[in-house]
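Here the structure comes first, spelled out in structure tokens, and everything after it is commentary.
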Amino acid sequence: MLELEGITKRFGDITAVNQLSIEVSAGEIFVLLGPTGAGKTTTLRIAAGLETPDEGRVILDGRDVTKMPPSYRDVAMIFEAHNLYPIYNVYDNIAFPLRAPGRQLPDKEIKEKISKVAVDLHISHLLDREITTLSGGEIQRAALARTLVRTPRIYLMDEPLSNLDLKLREELRVEFRELHRRYGATMLYVTHDFVSAVSIGNRIGILDRGKLHQVGTPDELHQDPRTVTVAALMESPPMNFMPCQMAEGSLLVDREAKMIFPLPEGQWSKAREKAEDGEVVLGVWPEDIKIGILEGERAFQGLIVGKEFQGANTLVNLSVGKTILKTLGDPGFQGEFGRPCRFYFPFEKIYLFDKRNGERIYF
Amino acid sequence: MASVRIKNLKKFYGSVKAVDGVDLEIKDQEFVVLLGPSGCGKTTTLRCIAGLESPASGEVYFGDRMVNALAPADRNIAMVFQFFALYPHLNAMDNISFPLRAQGVPAQKVKEKIDWVSNLLGLETILKRKVQTLPGGDQQKVALARAIVRSPAVLLLDEPLSQLDEKFREEMRSELGRIQKSLQVTTIYVTHDQREAMALADRIVLMKDGKILQSGSPRDIYDNPGSVFAGYFIGSPGMNFAKCVLDGNRLLFGDGQRALQLPGDLATLLNEKGKRNLIIGIRPEHISFSATQRESVSSLKIKVTTVEKFSQFEIFSFRLSEELFLGRVREEVPEGAEGYVYFLPDRLRLFDAETERSLF
Amino acid sequence: MNANEYDPKEFLTEKRFKILFVWPSLIVLLFLIGYPFIMLIFYSFFRFSFLRPAAGLNFIGLENYQFLLTDKYTWERFVFTGKFVIMAVVLQFLVGVGSAYLLQEKFRGRGVILTLVLMPMMLCPIVVGLFWKYMFNTQWGIINYLLKIIFNVGPIEWLADEHNSIYAAVIADTWMWAPFMTLLSLAAFTAIPRYLYEAASVDRASAWFKFRHITLPLSAPILVLALLFRLIDSIKQFDLIYTLTAGGPGDATQTISFTLYKIAFQYFYTGQGSALAMILLITIICLSTFLIMYMTRLIEKQRS
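Residue numbers (our numbering), protein chains in the order written: chain C, 1 to 363; chain A, 1 to 360; chain P, 1 to 304.
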């Protein structure tokens, strides 16, 4: 339904978007996840028609719209900074797109559509309020209502929840998913917040510095990250990375911690090719690390340098060699700051990455 | 001794009761977090402790000394602000050394202190840089350095991480915890982010509408919220709540359509309290799901509406008494499926429907 | 509007539509400014006078410019203008910043005082020149009267004395334009966030320290802007001088603008006057370029 083909956009010396190609299927929520400055907003603006790409095409429902102005594309966009008009009240703001020339709808129909969307977003009681009297969460919901009241081909969303308090964001996230089910809309959603991305998106595209690293469901990205960037963005917490050496058929991470993994036969040569000077980056997910191992079982040694109670679990930071490993323990974890701690993770849970370009080494 | 005590503090802005009778005791070297939504009075309370605002009534004591009349400069406090508040055209080192120089500390001592604090916070590489050129996280580190270089009696922080990117925030959270432990300074920290509160606090003071709702260690408040608001506000996602009616040894939901059996002792205790209209509270991770009904365990029949798949767990939602409940489980839950949910009995919390306060 | 209605070859595109709206004003501007400007450049290369057109148009090339730029008298006028401008602008700056500093905090009656302080700026320069002329009158002017009563000084010859007249002009100009500095400084000061001062208080900073390390650096961009504005404006100063001293006594307060007026509209040396006008114009353009470059740098710093 929306296809971005080889999109490249430069601003002066900076390449904001670099050969980006993604496909959003009808009824899907596609999330572009990446840190600030990754090029997500630029990509969205190109999809909307607010910017023209230097290279590549934008194809909407089979038609090449790369040069078409936004008003003809039949898309709806919600910006990061809300775009409500302060001189109108909430009702008129939401009605605005429905009253635009070229899209005239009879008043009765307008009223119906607005009532429906207001109920969905819990703002029916706010319809005749002035924008300036609304709280942050209410503004965001009104802005969402304004976008949802139309039924365009595709919704383009630029971090609509980022300006909200944590609690409000949590509430709206769940509502968002439910809204999507009900409206069956197609969305291209852009954010730097991992939690929103994973909970809202059907598929996620990881974008960093203008380049698309990988596209997949949250599960796929978690099981099979193709680059260090992808694993680092799939919080939380993100993957732990440790430098390690490949020597004589084993992976050596840290002698003191006794972290040595014997490499199975046949795996050695394949992986060795990719390692520069025999050095690779070892990655392991925090939840794959078991801590507080009993005596008598195989374990590595680490030092507790941080402990954060998170409600359903405790984040425990272990110092191992020069790295600090993030691990997850039970809420009742007892270890004290500065004490040694035994931990373990099996060979099967290890990911290897090329030290030079962050690409995954498969073995 | 750097203990802080506040007695019946009140502060008004016109007719708005920003702080409405706050009593608080903070022990020496304790890390206390004032937590609450915007407008709950936490920042105003902090500013009264700092001396930047004068309370309408009530007293502030540092140790045994009442400090109401003292200017901030005379209270031996240091403060880190939300928007960094660094001297814009000076470099990091001059910013950090300023409070020392203003006090007339000799140059040699100043150098020692700067070395110490920049070592502690890892600022060696940025000391000479103009603060306006530094990214937000580093600016806040400099602000923190400036605050602790004086070895104040009390360290006050007003939402110091709210202006930082997520990544920085997590980093700084760990740093702050580590530093406070090594400095052993009495710390009062204000935030609306409950994750920060839980990660850093020795004790959380939960505030709402100018009053203190509950005060306790993160685990205490998490496991035993004294009010619906405490259960909702703390924890991500927060506690689930639904109205219900006590009927003998069952709880009835949604006009009696669904019922949950209660364990015997809990039922007895509840009936003793004499309240019938209750609110049930249960955290998402204490809910489990199964497609078929398990014998001898009390369950509720539900339909799964949405499922969010995370890497180590899944969050599914269902409706109970018109409320949206979230459950957190390790196994897969199919969207739209019908099945049964179980609440861990010793994690069930019950609140009075009228006062919204915990019954136990 | 949907994709089916889109016609990429449409004639009246948005761009063209915008240009259509701009044309009328452009033409008026061209006529009112462009034409006289071109004639100005034209005449500057000739010996010519409006009063005696019959004497004809004598092409003399750059002689007008040569004359003006080497003439001792003209240079004295430039130097004087420089002295006047620097004195006036510095005084305006100090008074403006100082009064803005005092007016920062809210106090009872602040609104009234602010209005009074800003009023001089609203007056017409001709009017200002006129009544200052009366105020500076040696025998019955109020300035000398007050000086006599309060300090037992005087009477001072203000406008008739060639050394004092410059001070009179500076005072009158400052009175009129210091409020401009006050206004801009005040705007700059109030934009500074309060928590910066609070942090300084907690750090035990003195009032002077706060001014030097917080107020000044953060308002510097706007203050410099205001300074440059006043500089450029002062060079063009005409109305005030015309009514206050008429360039006198003799030519003690003759700024370069006044000189231009004399040449062009008293002696009617149109050619020479045009040349002087061009020289002035180029000087001001150079200074304005600085202003614009500075402003652009400011805007870019803001954006980053």
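No residue lacks a Cβ here, since even glycine has one placed at the ideal position from N, Cα and C.
Keep in mind the model is a prediction, meaning the values are calculated, not measured.
Beta-carbon proximity of residue i to residue j, cut-off 8 Å
i: N93(C); j: A48(C); result: no
i: I279(A); j: V228(A); result: yes
i: G271(P); j: Y43(P); result: yes
i: D28(A); j: S3(A); result: yes
i: R146(A); j: F98(A); result: yes
i: M68(C); j: T186(C); result: no
i: V304(A); j: E335(A); result: yes
i: V190(A); j: L157(A); result: yes
i: K167(C); j: N18(C); result: no
i: L223(P); j: S274(P); result: no
i: G327(A); j: I287(A); result: yes
i: V185(A); j: L161(A); result: no
i: I324(C); j: L318(C); result: yes
i: A197(A); j: V33(A); result: yes
i: G321(C); j: D254(C); result: yes
i: S49(P); j: Y269(P); result: yes
i: T314(P); j: I235(P); result: A query on residue 314(P) cannot be resolved here, the shown segment of chain P reaching from 1 to 304 and no further.
Beta-ladder partner(s) of residue i, from DSSP
i: Q145(C); result: The question names Gln, yet the displayed sequence has Ala at residue 145(C). Beta-bridge pairing links A145(C) to no other residue.
i: E308(C); result: L315(C)
i: V341(A); result: F289(A) and L300(A)
i: C341(C); result: G302(C)
i: A187(C); result: As written in the sequence, residue 187(C) is Met, which differs from the Ala given in the question. The partner list for M187(C) (beta bridge, DSSP) reads I29(C) and Y155(C).
i: G283(C); result: F241(C) and Y351(C)
i: D64(C); result: I59(C)
i: D208(C); result: K211(C)
i: N58(P); result: R47(P)
i: V17(C); result: K9(C)
Any non-hydrogen atom of the ligand COA within 7 Å of residue i CB
i: R169(C); result: With respect to the ligand COA, the structure shown offers nothing to examine, as it has no ligands at all.
**Message:** Under 8 Å: do the segment 172-188 of chain P and the segment 38-53 of chain A share three or more Cβ pairs, one atom per stretch?
**Reply:** The count of Cβ pairs closer than 8 Å, one atom from the segment 172-188 of chain P and one from the segment 38-53 of chain A, stays below three, leaving the stretches out of contact.
**Item:** Interfacial residues, the segment 186-200 of chain P to chain A, with Cβ spacing under 7 Å
**Value:** Of all residues in the segment 186-200 of chain P, P193, Y195, L196, E198 and A199 have a Cβ within less than 7 Å of some Cβ in chain A.
**Item:** Given 8 Å, three or more beta-carbon pairs between the segment 81-94 of chain A and the segment 54-67 of chain A
**Value:** Counting Cβ pairs under 8 Å, fewer than three are found: no touch.
**Message:** Under 8 Å, with one C-beta from each stretch per pair, do the segment 20-32 of chain C and the segment 201-217 of chain C reach the 3-pair mark?
**Reply:** Yes: the two stretches touch, three or more of their Cβ pairs being nearer than 8 Å.
**Prompt:** In the segment 215-231 of chain C, which residues sit with their C-beta less than 7 Å from some C-beta in chain A, listed in chain order?
**Reply:** For the segment 215-231 of chain C, residues whose beta-carbon sits nearer than 7 Å to a beta-carbon of chain A comprise P218, D219 and H222.
**Message:** What are the residues in the segment 292-318 of chain A lying within 8 Å of chain C by C-beta distance?
**Reply:** Of all residues in the segment 292-318 of chain A, T305, T306, E308, K309, F310, S311, Q312, I315 and S317 have a Cβ within less than 8 Å of some Cβ in chain C.
**Request:** Quick one: which residues of the segment 42-54 of chain A get their C-beta closer than 9 Å to a C-beta of chain P? List them in chain order.
**Result:** Taking 9 Å as the Cβ-Cβ cut-off against chain P, the residues of the segment 42-54 of chain A that qualify are R47, A50, G51 and L52.
**Prompt:** Are the segment 202-214 of chain P and the segment 125-139 of chain P touching, with three or more C-beta to C-beta distances below 8 Å?
**Reply:** By the Cβ rule, the segment 202-214 of chain P does not count as touching the segment 125-139 of chain P, because fewer than three pairs are nearer than 8 Å.
**Prompt:** Could you give the uninterrupted runs of the alpha helix (DSSP H) lying entirely in the segment 80-127 of chain P, keeping only those of 4 residues or more?
**Reply:** Taking 4 residues as the minimum length, the alpha helix (DSSP H) runs contained wholly in the segment 80-127 of chain P are 110-122, in order along the chain.
**Contact list for the segment 59-93 of chain C against chain A, Cβ threshold 8 Å** = Per Cβ criterion, the list is empty.
**Prompt:** Can you find at least 3 beta carbon pairs, one from the segment 192-209 of chain A and one from the segment 49-58 of chain A, that sit closer than 8 Å?
**Reply:** Touching, no.
**Asked** Can at least three beta-carbon pairs, one atom from the segment 296-316 of chain C and one from the segment 13-22 of chain A, be found at a separation below 8 Å?
**Response** Contact fails: fewer than three Cβ-Cβ distances are below 8 Å.
**Request:** Write down every uninterrupted run of the beta strand (DSSP E) in the segment 12-37 of chain P whose length is 3 residues or greater and which is fully enclosed by it, in chain order.
**Result:** Listed in chain order, there is nothing to give.
**the segment 223-230 of chain C contacting the segment 187-198 of chain C, beta-carbon criterion three pairs below 8 Å** = No contact exists between the segment 223-230 of chain C and the segment 187-198 of chain C.
**Message:** Suppose only complete runs of 4+ residues qualify. What are the alpha helix (DSSP H) ranges in the segment 68-128 of chain C, listed by chain order?
**Reply:** Complete alpha helix (DSSP H) runs here, min 4: 70-73, 90-99 and 107-120.
**Members of the segment 228-262 of chain A near chain C, C-beta cut-off 8 Å** = Flagged, chain order: Y232, F233, I234, G235, S236, P237 and G238.
**Request:** Specify whether the segment 294-301 of chain A and the segment 268-283 of chain A touch according to this definition: at least 3 beta carbon pairs, one from each stretch, less than 8 Å apart.
**Result:** No: fewer than three Cβ pairs fall under 8 Å.
**Prompt:** Of the residues that make up the segment 97-112 of chain A, which ones have a beta carbon closer than 8 Å to any beta carbon in chain P?
**Reply:** Shown in chain order are the members of the segment 97-112 of chain A whose Cβ falls below 8 Å from a Cβ of chain P: F98, P99, A102 and Q103.
**Members of the segment 148-176 of chain C near chain A, C-beta cut-off 7 Å** = Cβ contacts with chain A come from D165, L166, K167, E170 and V174.
**Asked** Does the segment 55-75 of chain P come close enough to the segment 291-302 of chain P to have 3 or more Cβ pairs within less than 8 Å?
**Response** Taking 8 Å as the limit for Cβ pairs, the verdict is that the segment 291-302 of chain P does not touch the segment 55-75 of chain P.
**Message:** I want to know whether the segment 82-89 of chain P touches the segment 152-171 of chain P - three or more CB-CB distances under 8 Å.
**Reply:** Pairwise C-beta distances place the segment 82-89 of chain P in contact with the segment 152-171 of chain P, as three or more of them are shorter than 8 Å.
**Item:** Residues from the segment 21-54 of chain C in contact with chain A, defined by Cβ distance under 9 Å
**Value:** Of all residues in the segment 21-54 of chain C, only P35 and T36 place a beta-carbon less than 9 Å from a beta-carbon of chain A.
**Message:** If the cut-off is 9 Å on Cβ atoms, which residues from the segment 194-214 of chain C count as contacting chain A, listed in chain order?
**Reply:** For the segment 194-214 of chain C, the set of positions with a beta-carbon nearer than 9 Å to some beta-carbon of chain A reads F194, V195, V198, S199 and I200 in chain order.
**Prompt:** Counting only runs that start and end within the segment 29-65 of chain A, where is the alpha helix (DSSP H) found for 4 or more residues in a row?
**Reply:** Qualifying alpha helix (DSSP H) stretches, in chain order: 42-50.
**Asked** For the segment 186-212 of chain A, which residues have a beta carbon sitting closer than 9 Å to at least one beta carbon of chain P?
**Response** Considering only beta carbons, no part of the segment 186-212 of chain A lies closer than 9 Å to chain P.
**Message:** Check whether the segment 147-157 of chain C and the segment 70-88 of chain C are in contact - that is, three or more C-beta pairs closer than 8 Å.
**Reply:** The segment 147-157 of chain C is in contact with the segment 70-88 of chain C.
**Asked** Per the contact definition of three or more C-beta pairs closer than 8 Å, is the segment 280-291 of chain C in contact with the segment 239-250 of chain C?
**Response** Contact holds: three or more Cβ-Cβ distances are below 8 Å.
**Asked** Taking any Cβ of chain C, which residues in the segment 263-294 of chain A have a Cβ under 7 Å from it, in chain order?
**Response** If you check each beta-carbon in the segment 263-294 of chain A against every beta-carbon of chain C, the ones closer than 7 Å belong to E285.
**Prompt:** In chain order, which alpha helix (DSSP H) runs of at least 4 residues are fully inside the segment 190-264 of chain A?
**Reply:** Taking only runs of at least 4 residues, the alpha helix (DSSP H) segments lying wholly in the segment 190-264 of chain A are 194-200, 218-223 and 228-233.
**Item:** At least 3 beta-carbon pairs within less than 8 Å: the segment 213-225 of chain A vs the segment 176-185 of chain A
**Value:** With a cut-off of 8 Å, the segment 176-185 of chain A and the segment 213-225 of chain A do not count as touching, because too few Cβ pairs lie within range.
**Prompt:** Name the residues in the segment 209-227 of chain P whose C-beta lies less than 8 Å from a C-beta of chain A; which are they?
**Reply:** Cβ contacts with chain A come from F209, H213, I214, P217 and L218.
**Request:** With 9 Å as the C-beta to C-beta threshold (strictly closer), list the residues of the segment 294-319 of chain C near chain A in chain order.
**Result:** The residues in question are V305, G306, K307, E308, F309, Q310, G311, A312, N313, L315 and N317.
**Message:** Extract the residue ranges of the beta strand (DSSP E) inside the segment 82-142 of chain A, only unbroken runs of 3 or more that lie entirely within it.
**Reply:** Those beta strand (DSSP E) runs which fall completely within the segment 82-142 of chain A and span 3+ residues do not exist here.
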